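Protein chains in written order, with the working numbering: chain A, 15 to 618; chain B, 15 to 396; chain C, 2 to 344.
Ideal placement from N, C-alpha and C gives every residue a C-beta, glycine not left out.
These numbers were taken from a predicted model, which means no experiment stands behind them.
Below you'll find the structure, written out as structure tokens, and then a few comments.
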């Protein structure tokens with residue numbers, strides 16, 4: 015809550031500043047420029063800094079808001095305030111259409127795609143008669159609400175910074191919500207998001223539209239601030255400038271956007287003021303100095319300036335864990351104990367000419383722990399990905415509780431109650447352990463974007479966090495709950511992933527090398543935890559290299575080699591199975607039954 | 015927690031303070047602010063304008079001239095910010111700028127609100143009721159177009175193809191052509207657009223040539239006007255080619271080379287003051303500009319004339335205004351706005367200005383000469 | 002529209018497309034090796050064209066002075082980075098690379114300006130491509146391990162600074178150079194100039210050269226290895242810093258060649274490069290920032306579409322060229338099952 019209070023205080027100071035006697039009128043203009051830019055930059059913070067989607071097109075989206083205001087007030091005689099919902103809706107609609115095309119693009123296509131439509135829109139603005147072509151639309155009436163006019167600079171200033179305050183708080187609310195965590199998970203790729211039932215493309219579209227609405231709002235305000243609209247404020251350079259602000263300020267946070275807008279606007283202004291006193295003909299050198307300073311800034315503070323400021327500020331209080339939260343709804347086991355919950359039939363996966371998994375058959379019974387073992391490259395992780403829908407089967411079938419799940423998609427599979435961990439840990443390192451684990455509860459919550467923005471999601475959030483805290487305590491990491499996940503040892507991070515998967519309340523849990531990187535006594539604890547889960551009726555399928563761990567824990571073992579099942583049975587059968595010995599040790603000796611890994615290292 | 019943000023807020027205000035050193039109006043000083051597009055796409059206009067401002071008088075009517083020049087990179091938002099800074103912080107008595115149409119409109123709006131006399135250096139539409147403080151130095155397009163259309167009519171041209179910049183300048187000329195074509199018996203048979211940075215105008219020129227116009231009008235500026243000129247000749251176009259006053263420069267001849275021969279251009283008189291009769295009011299200021307400009311900055315330039323002329327006008331109106339009020343006061347600025355209307359026949363390098371309450375361009379045919387290029391040199395068409 | 006016009010439009014499209022292809026290659030190359038989305042590529046083209054035009058006109062271009070300055074700053078960066086282990090050979094190599102060579106090129110530019118077309122051409126390519134590695138050292142090497150976004154912002158900063166320098170060195174008005182040759186042949190109704198032929202030849206030669214470089218030379222293979230796996234390349238002893246410099250030297254060289262080819266055909270301004278570069282980007286994006294042949298094909302398509310849209314709807318040419326990308330991206334996004342795992 016402190017962040018919100020701080021934001022209110024800060025905005026209040028800025029809004030009231032012009033009423034201080036002797037406050038230079040030009041500062042109001044500068045602050046307005048900063049405010050208008052910061053609104054767009056806050057949108058970029060969510061889009062780029064948090065969601066990992068780089069957009070150069072925000073200026074063009076702001077254009078939709080600005081032109082809506084200009085056209086409706088000057089040509090159709092609308093009252094200025096009545097144009098606001100239209101401006102926001104037009105920006106949102108434009109973003110929805112553009113987003114549908116662009117956000118599906120992977121990685122680096124996205125920024126380049128936004129450059130393309132950003133430019134196309136800019137050129138289009140300059141070509142349309144309706145929008146006044148290259149000269150744009152001037153003589154936009156001042157902003158009025160009822161009989162109150164905001165023509166007076168100090169008043170418009172209050173409106174701009176008031177809007178910034180609302181956007182800032184709404185964004186803080188958004189980031190601290192179920193939808194916000196889904197957006198934050200995007201940076202870890204769609205596989206992790208999908209494993210918890212988050213639709214990456216939907217989350218991307220939401221964040222894209224959200225950022226566009228903020229840009230549209232800024233554009234709408236700009237139209238009344240400037241009382242004229244031309245294409246040039248919405249060109250690529252402006253889009254680049256907004257991105258500068260988000261990156262230079264520190265792209266992950268609302269404060270970073272404000273800091274960035276402040277720094278970039280001030281940098282330009284200071285250069286314009288200081289340079290003429292140093293050299294003649296300074297105007298020519300201003301862009302050079304600006305470019306150079308930008309590179310210097312990046313090299314000095316590649317994560318942006320706000321994180322540097324944050325370092326000297328006291329640490330935020332950890333989130334309090336509600337004790338009286340309503341418990342989340344549970345899940346009944348889909349099949350009675352002892353009957354088959356997962357069935358893999360002739361599962362085959364080919365990558366080009368390579369057959370990674372070849373006609374593998376096995377099953378998992380409810381309330382049973384099954385291990386999938388085999389040397390590196392045997393196809394264990396691929397099998398996991400086939401079951402959870404990350405990869406599609408080349409042939410064969412997978413069914414869960416009697417229902418075919420091959421091809422229904424990662425999210426629906428997650429929805430059925432299959433949770434997993436990853437061989438390569440997929441946590442958000444700068445998010446706390448608690449928030450990471452709460453992500454696992456995504457499907458157990460319902461609250462959408464709107465309730466996040468206006469904060470009617472608190473009860474559900476409390477329940478989600480209470481559940482997350484319970485699972486963290488259960489896996490024995492309670493003391494680390496509020497630390498950033500990235501600060502934990504790798505072995506502990508694997509356990510965090512288990513807690514996250516448990517928060518989903520699964521009936522089948524898939525663990526990919528859960529014991530890797532754990533110390534001896536930690537393995538013992540893990541073993542106990544998994545046994546306990548089994549006794550509660552949960553089914554587990556795990557890939558593990560530590561034979562001691564596997565042999566002591568599991569009910570049933572499936573051995574893969576070169577994508578083919580070579581053996582299957584209870585631990586004591588597998589221990590002396592000739593084909594297994596052959597595969598692991600070339601038949602020379604029995605596999606060691608100590609805690610050492612048989613075929614350690616990572617699978618590619 | 016609250017404390018740390020108070021610190022942050024204080025730091026922000028301190029940073030603003032660094033950037034905003036508010037100036038108090040000084041006695042006996044005329045403060046002139048200018049926002050020009052010295053960088054960005056219109057730098058070819060802004061740089062000569064800035065150069066000319068280094069040559070203007072340092073004293074007018076006994077007042078020391080204090081000049082502040084800012085760059086707006088052709089961006090209306092920056093031009094607005096600059097204008098507000100000049101008016102609020104530097105307390106300018108007069109504001110100049112900007113170089114092209116959109117930012118000039120922006121400066122004009124700020125000047126009207128703040129009641130500060132404004133000399134536009136780019137052509138702009140005048141909004142009735144909001145024209146009191148703005149006068150515009152460059153010639154209005156209809157005046158220059160009339161010269162070109164007259165010449166077309168005399169040369170028996172019936173059909174015209176147009177190729178222009180895809181910007182305000184191109185729009186302005188196309189609009190003017192459509193408005194006046196009937197009067198001169200001209201017909202538009204092709205209307206093409208291109209951008210200054212285009213690497214080729216072959217497509218547009220092929221379409222022009224295919225339309226077989228009697229003449230082609232190129233509505234572009236600076237060296238950008240040379241590309242269609244040379245491509246038209248390369249593609250074998252034999253008809254007359256007309257260029258606007260935006261294109262008149264030594265650089266145009268340098269780039270277009272042989273293709274420039276025989277082109278017909280409307281121009282401001284400052285491009286060839288030598289050829290004018292001694293009686294012309296534009297001759298002396300034009301010669302003075304050329305004499306000051308050429309040794310320092312190279313070949314004479316059309317755009318350099320506009321800020322120079324703003325000072326020619328100031329030389330006339332400031333002494334009149336001084337009789338009513340002291341610089342730095344609103345009364346002085348009102349007095350300048352009044353004097354702009356009362357002073358008549360103000361001779362300058364680009365024309366003779368007679369502003370009225372509604373005619374904010376204030377020029378007549380004396381602001382236009384017609385030029386052609388012969389043997390790589392400009393020559394007057396009588 | 003008759004056949005002659007069609008032929009002219011096709012020729013115009015192919016010529017421009019060839020230039021875009023060169024730019025597209027450079028962009029693909031830089032991205033693959035360094036992960037930088039190299040916005041300043043267009044500035045190399047403008048620098049190349051303007052340097053060439055000035056040398057041809059007998060002037061010493063500003064870039065000749067810029068090179069020793071850049072080299073000196075890069076030297077300071079290197080001396081600081083290596084301050085605890087400076088050896089004699091290190092100093093010698095640095096001295097040659099960052100003091101002797103740049104000054105020699107400056108001297109050559111002063112002596113040879115206006116002497117001959119060939120000298121101007123060689124000097125232009127030498128000066129502009131020498132800028133590349135120093136630029137990498139100063140602007141990008143300290144950020145080499147950062148995210149694509151940070152590198153992209155650094156690239157934009159570099160673009161702004163270089164464009165600003167271009168305005169100072171070359172002025173706001175455009176320049177045009179004399180053609181390499183007056184040679185021209187008629188193909189039916191269509192005259193094909195020596196300049197056109199030079200453009201096509203240079204594009205084909207550069208494709209062949211790049212192929213040879215990447216397939217047959219150790220350095221080329223090292224570059225490809227870095228492109229595939231940065232960490233892995235470092236583990237087997239490839240100096241990734243070196244590959245970044247080579248990539249930028251190549252990109253700058255390609256830019257300079259494109260500039261020299263363009264300079265006689267059109268007027269080049271200090272800021273022309275950006276727009277041309279963006280069209281190269283369109284090609285590179287369609288090529289997936291990875292495939293050279295696809296980039297070449299896409300570049301030709303961009304050139305042709307531009308040429309035809311400037312005939313049919315010149316007012317909307319830019320809108321058409323940049324909107325064109327959207328259906329392509331759409332097809333790509335639906336066709337590829339590729340998931341966007343973290344970078």
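The stretch 6 to 22 of chain C in contact with the stretch 294 to 306 of chain C per 3-pair CB rule at 8 Å: At 8 Å Cβ cutoff, the stretches touch.
Euclidean distance between Cα positions of residue 397 of chain B and residue 90 of chain B: Summary: the structure shown does not reach residue 397 of chain B, with chain B confined to residues 15 through 396, and so no result is reported for it.
Contact with chain A by residue 180 of chain B, beta-carbon distance below 9 Å: As a working mapping, residue 180 of chain B is identified with position 166 in the second chain. Yes, its Cβ sits closer than 9 Å to a Cβ of chain A.
Own chain, CB closer than 6 Å to residue 286 of chain C, minus 5 neighbours either side, in chain order: For the purposes of this step, residue 286 of chain C is identified with residue 285 of the third chain, where counting begins at 1. Taken in chain order, the list of residues that qualify is empty.
Contact belief for residue 224 of chain C with residue 34 of chain C at Cβ below 8 Å, rounded distance in angstroms: The residue you call residue 224 of chain C lines up with position 223 of the third chain. The residue you call residue 34 of chain C lines up with position 33 of the third chain. Beta-carbon to beta-carbon, residue 224 of chain C and residue 34 of chain C are separated by about 5 Å, close enough to satisfy the 8 Å threshold.
Residue 536 of chain A and residue 441 of chain A closer than 9 Å at C-beta: Counting from one through the first chain, the residue named residue 536 of chain A turns up at place 522. Counting from one through the first chain, the residue named residue 441 of chain A turns up at place 427. Cβ distance not < 9 Å, so residue 536 of chain A and residue 441 of chain A don't count as in contact.
Buried or exposed by the 16-neighbour rule on C-beta atoms within 10 Å, applied to residue 220 of chain C: Here residue 220 of chain C is taken as the residue at index 219 of the third chain, counted from 1. By the 10 Å Cβ count, residue 220 of chain C comes out exposed.
Nearest neighbour of residue 29 of chain A, chosen from A:236, A:176, A:186, A:386 [CA to CA]: Start at 1 with the first residue of the first chain, and residue 29 of chain A comes out as number 15. Among A:236, A:176, A:186, A:386, the Cα nearest to that of residue 29 of chain A is on A:176.
Where residue 17 of chain C falls: helix, strand or coil (DSSP): Taking the third chain and counting its residues from 1, the one referred to as residue 17 of chain C is at position 16. Helix, per DSSP.
Sequence-distant residues of the same chain with beta carbon closer than 7 Å to residue 608 of chain A, five excluded per side: Against the first chain, residue 608 of chain A aligns to sequence position 594. Confidence at residue 608 of chain A is low in this model, with a pLDDT of 41, below 50, so its placement is unreliable and the value that follows should be read with caution. If we look at residue 608 of chain A and ignore the five residues flanking it on each side, its Cβ neighbours are 562.
Close Cβ partners of residue 181 of chain C (< 7 Å) along its chain, the five nearest in sequence each way excluded: By 1-based counting over the third chain, the position of residue 181 of chain C is 180. So the list reads 118, 195, 196, 199, 265, once near-sequence residues are dropped.
As assigned by DSSP and simplified to three states, the class of residue 164 of chain A: As a first step, residue 164 of chain A must be located in the first chain, where it is residue number 150. Note: residue 164 of chain A maps to coil in three-state DSSP.
Selected residue, minimal CA-CA separation from residue 119 of chain B, among B:88, B:101, B:107: Within the second chain, residue 119 of chain B is the residue found at index 105, counting from 1. For the residues B:88, B:101, B:107, the minimum Cα distance to residue 119 of chain B belongs to B:88.
Own chain, CB closer than 7 Å to residue 284 of chain A, minus 5 neighbours either side, in chain order: Your numbering for residue 284 of chain A matches position 270 in the first chain. Counting only Cβ-Cβ distances below 7 Å, and skipping sequence neighbours, we find nothing.
Minimum Cβ-Cβ distance from residue 298 of chain A to chain B less than 9 Å: For the purposes of this step, residue 298 of chain A is taken as the residue at position 284 of the first chain. Interface residue, yes.
Contact set for residue 144 of chain A: own chain, Cβ-Cβ below 7 Å, skip 5 residues either direction: Taking the first chain and counting its residues from 1, the one referred to as residue 144 of chain A is at position 130. 85.
Between the CA atoms of residue 218 of chain C and residue 211 of chain C - distance to the nearest angstrom: Position 210 of the third chain, counted from the first residue, corresponds to residue 211 of chain C. Position 217 of the third chain, counted from the first residue, corresponds to residue 218 of chain C. So the two alpha carbons sit approximately 10 Å from each other.
Entirely enclosed alpha helix (DSSP H) segments - the stretch 105 to 174 of chain B, minimum 4 residues: Scanning the stretch 105 to 174 of chain B for uninterrupted alpha helix (DSSP H) segments of 4 residues or longer gives 115 to 128, 155 to 168, listed from N- to C-terminal end.
Under 9 Å between C-beta atoms of residue 305 of chain A and residue 165 of chain C: In the first chain, residue 305 of chain A corresponds to position 291, counting from 1. In the third chain, residue 165 of chain C corresponds to position 164, counting from 1. Yes, Cβ-Cβ distance for residue 305 of chain A and residue 165 of chain C is below 9 Å.
Residue 103 of chain B: contacting residues in chain A (beta-carbon distance under 7 Å): Position 89 of the second chain, counted from the start, is the residue given in the question as residue 103 of chain B. Chain A residues near residue 103 of chain B: 38, 40.
Chain C contact for residue 240 of chain B (CB, 9 Å cutoff): Sequence index remark: in the second chain, residue 240 of chain B carries index 226 (1-based). Yes, because at least one Cβ of chain C sits closer than 9 Å to the Cβ of residue 240 of chain B.
Sufficient close CB pairs (3 or more, under 8 Å) joining the stretch 382 to 391 of chain B to the stretch 273 to 282 of chain B: yes
C-beta neighbour in chain C for residue 90 of chain B, strict 9 Å: The residue labelled residue 90 of chain B in the question sits at position 76 within the second chain. Not an interface residue.
Contacts around residue 310 of chain C, its chain only, beta-carbon distance under 6 Å, and the 5 residues preceding and following it disregarded: In the third chain, the residue the question calls residue 310 of chain C occupies position 309. Excluding residues within five positions, the ones whose Cβ falls inside 6 Å are 318, 321.
Inter-residue Cα distance where the pair is residue 538 of chain A and residue 493 of chain A: Numbered from its first residue, the first chain carries residue 538 of chain A at position 524. Numbered from its first residue, the first chain carries residue 493 of chain A at position 479. The straight-line gap from Cα to Cα measures roughly 19 Å.
Boundaries of the alpha helix (DSSP H) in which residue 196 of chain B is found, first to last residue: Along the second chain, one-based indexing puts residue 196 of chain B at 182. Looking at the DSSP string, the run of the alpha helix (DSSP H) that includes residue 196 of chain B is 182 to 198.
Backbone CA spacing between residue 501 of chain A and residue 126 of chain B [nearest angstrom]: Looking up residue 501 of chain A in the first chain gives position 487. Looking up residue 126 of chain B in the second chain gives position 112. Looking at the two C-alpha atoms, the distance is approximately 60 Å.
Chain B contact for residue 121 of chain C (CB, 9 Å cutoff): Mapped onto the third chain, residue 121 of chain C falls at position 120. Not one chain B Cβ lies under 9 Å of residue 121 of chain C.
Cβ-based neighbour list, residue 238 of chain A, same chain, cut-off 6 Å, excluding 5 preceding and 5 following: Against the first chain, residue 238 of chain A aligns to sequence position 224. In its chain, beyond the 5 residues on either side, 157 have a beta carbon closer than 6 Å to the beta carbon of residue 238 of chain A.
Alpha-carbon to alpha-carbon, residue 585 of chain A and residue 565 of chain A: Mapped onto the first chain, residue 565 of chain A falls at position 551. Mapped onto the first chain, residue 585 of chain A falls at position 571. Going from the Cα of residue 565 of chain A to the Cα of residue 585 of chain A covers about 5 Å.
Nearest-angstrom Cβ-Cβ length linking residue 72 of chain B and residue 64 of chain B, presumed shorter than 8 Å: The residue given as residue 72 of chain B occupies position 58 in the second chain. The residue given as residue 64 of chain B occupies position 50 in the second chain. So it is not a contact: roughly 16 Å between Cβ atoms.
Residues bridged to residue 386 of chain B [DSSP beta-bridge criterion]: Stepping through the second chain from its first residue, residue 386 of chain B is reached at position 372. Residue 386 of chain B pairs with B:278, B:393.
Neighbourhood of residue 182 of chain B by C-beta distance below 7 Å, restricted to the same chain and skipping five residues each side: Counting from one through the second chain, the residue named residue 182 of chain B turns up at place 168. 114, 115, 116.
CB contact below 9 Å: residue 316 of chain C versus chain A: To locate residue 316 of chain C, count along the third chain from 1; it is residue 315. Yes, contact with chain A.
Which of helix, strand or coil DSSP assigns to residue 582 of chain A: Here residue 582 of chain A refers to the residue found at position 568 of the first chain. Three-state DSSP puts residue 582 of chain A in a strand.
Proximity below 9 Å, CB of residue 534 of chain A to CB of residue 196 of chain A: To locate residue 534 of chain A, count along the first chain from 1; it is residue 520. To locate residue 196 of chain A, count along the first chain from 1; it is residue 182. The beta carbons of residue 534 of chain A and residue 196 of chain A sit no closer together than 9 Å.
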